[in-house]
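S.K.: In this note's numbering, the protein residues as written are 1379 to 1840. Backbone N, C-alpha and C fix where the C-beta goes; we use that ideal spot for every residue, glycine too. Because the structure is a prediction, the values reported are computed rather than measured. Just passing along the structure, written as structure tokens.
Given below as structure tokens:
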């Protein structure tokens, strides 16, 4: 991360020592690492003076760090904020597999702005009781709900996903920073194999974000006055037009609409109103791509094209460019900066997904330093109003109507069926079961949304 920060400072093309001295805050997304105040150590290594430090854990939108930097600069708190993050998960994973114990130092302290999410707005007691909190399974359920709402058959949905991810792999193959720059065919991605095992229907391994990467990025956010005073190269400047996120969330099981993301639509409508044009007219897009349904929901909410001929990425996406945990938005934004510098006069959209499509974020960037002031906001209140909720329960016994279903293969060869369903009284149920081969086959073949099942608490009986 320090290397990325130094590269960002050098890349700015101005008087580096004065730029470092102007940094008043280092802001970071928390990672899989255990540091409690890494910003202080990075600041020391860079030679910064006294600085504020921000550390936002997973579950706080990454776009919020960039928004916060803009707001602090706008309020006059500082002229420059360094936003930096990264992961060394490939190294950690390789060491674990080799039986090597790493003895890395930790950098501890107390950042003046440390935030963690409220667990109650991320997951319900019903989801916890059913064991529904691993990302691939949750996203697979959301995918099934989206599929049903879109009127797609399971096979058609798998075809569409595979075609889009194949196109994204082609983009990654041309990206010098991609972790896995190999083109993959739609057929290879769609069908389970030894190299591409099924994780949770319809997701195979290479339709999912790849976390085991060593990647870092850093972005310098400065006032225009500082950039000009320090002689930062005009052709290196990229400016935000809108920078929006939502800091509130509704848990998955409690959302009445499982197959849509109205919170992201709120951000999109606000962005379009400020820009005076629809987002599909933005020249470049990097849509957060942890799992296919995240892309599909964002495309639907923002009016972006769902067309493999126009893949929603400039990097190749999180399966192929890499998905460093809780730092992808910084990676995407850095890539967008590079793209806009290479194509001045164009615009770029970067979207954020926090949690299980809990908290959205988006930003649109351009290259005109004299553009109007950006629209920067947390639209959490409006997003919450747009997201209807239902009560959840882990105690329902009897019939329920399936709202989403998936099948997860287990290591012993069995299959677990998982459903989110609606009880007759309107409460939402989460249930799982094994040994339900007829249900599993039906989910794969025709889908189960709208069908009746029997549950006993969080146990799916059939």
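Can you give, in chain order, each stretch of the beta strand (DSSP E) that sits fully within the region 1719-1759 and has at least 3 residues?
M.R.: Counting only runs of 3 or more, we get 1726-1732, 1737-1744, 1753-1756.
S.K.: Have a look at residue 1786 and residue 1600 and give me their C-alpha separation to the nearest angstrom.
M.R.: 47 angstroms
S.K.: Quick one: measure Cβ to Cβ for residue 1740 and residue 1727, integer angstroms, because I've assumed they're closer than 8 angstroms.
M.R.: Right, their Cβ atoms sit about 7 angstroms apart.
S.K.: In this structure, does DSSP put residue 1534 in helix, strand or coil?
M.R.: For residue 1534, the three-state secondary structure derived from DSSP is helix.
S.K.: Relative to the C-alpha of residue 1811, which residue among 1820, 1625, 1833, 1790 is closest?
M.R.: 1833
S.K.: Considering only residues of the same chain and omitting the five flanking positions on each side of residue 1839, which have a CB-CB separation below 7 angstroms?
M.R.: 1811, 1832, 1833
S.K.: Below 8 angstroms on the Cβ atoms is my contact criterion, and I expect residue 1738 with residue 1730 to pass it. Report the Cβ-Cβ distance as a whole number of Å.
M.R.: 6 angstroms
S.K.: Taking only runs that begin and end inside the region 1480-1520, name each unbroken beta strand (DSSP E) of 3 or more residues, in chain order.
M.R.: 1491-1493
S.K.: To the nearest angstrom, how far is the alpha carbon of residue 1578 from that of residue 1687?
M.R.: 26 angstroms
S.K.: Nearest to residue 1806 by CA position, among 1495, 1672, 1768, is which residue?
M.R.: 1768
S.K.: Would you call the region 1488-1499 in contact with the region 1421-1433, where contact means no fewer than 3 C-beta pairs closer than 8 angstroms?
M.R.: yes
S.K.: Check the C-beta distance from residue 1843 over to residue 1780 and give it rounded, since I have them as a contact under 8 angstroms.
M.R.: Absent from the model: residue 1843. The displayed extent of the chain is 1379 to 1840, so no value can be given.
S.K.: Among 1563, 1526, 1701, which has the Cα closest to the Cα of residue 1829?
M.R.: 1526
S.K.: So, does the region 1473-1481 touch the region 1449-1465, judging by three or more C-beta pairs under 8 angstroms?
M.R.: no
S.K.: Is it buried or exposed, residue 1556, if we count other Cβ atoms within 10 angstroms and call 16 or more buried?
M.R.: buried
S.K.: Would the beta-carbon of residue 1414 fall within 8 angstroms of that of residue 1503?
M.R.: no
S.K.: Which stretch, first to last residue, makes up the alpha helix (DSSP H) that contains residue 1395?
M.R.: 1394-1400
S.K.: Nearest by alpha-carbon distance to residue 1744: which of 1802, 1614, 1815, 1543 is it?
M.R.: Among 1802, 1614, 1815, 1543, the Cα nearest to that of residue 1744 belongs to 1614.
S.K.: Whose CA, out of 1505, 1667, 1818, 1384, lies closest to the CA of residue 1771?
M.R.: 1505
S.K.: On the three-state DSSP scale, how would you describe residue 1803?
M.R.: Looking at residue 1803 - three-state DSSP - the assignment turns out to be coil, as it is neither helix nor strand.
S.K.: If you draw a straight line from the C-alpha of residue 1387 to the C-alpha of residue 1519, how long is it?
M.R.: 43 angstroms
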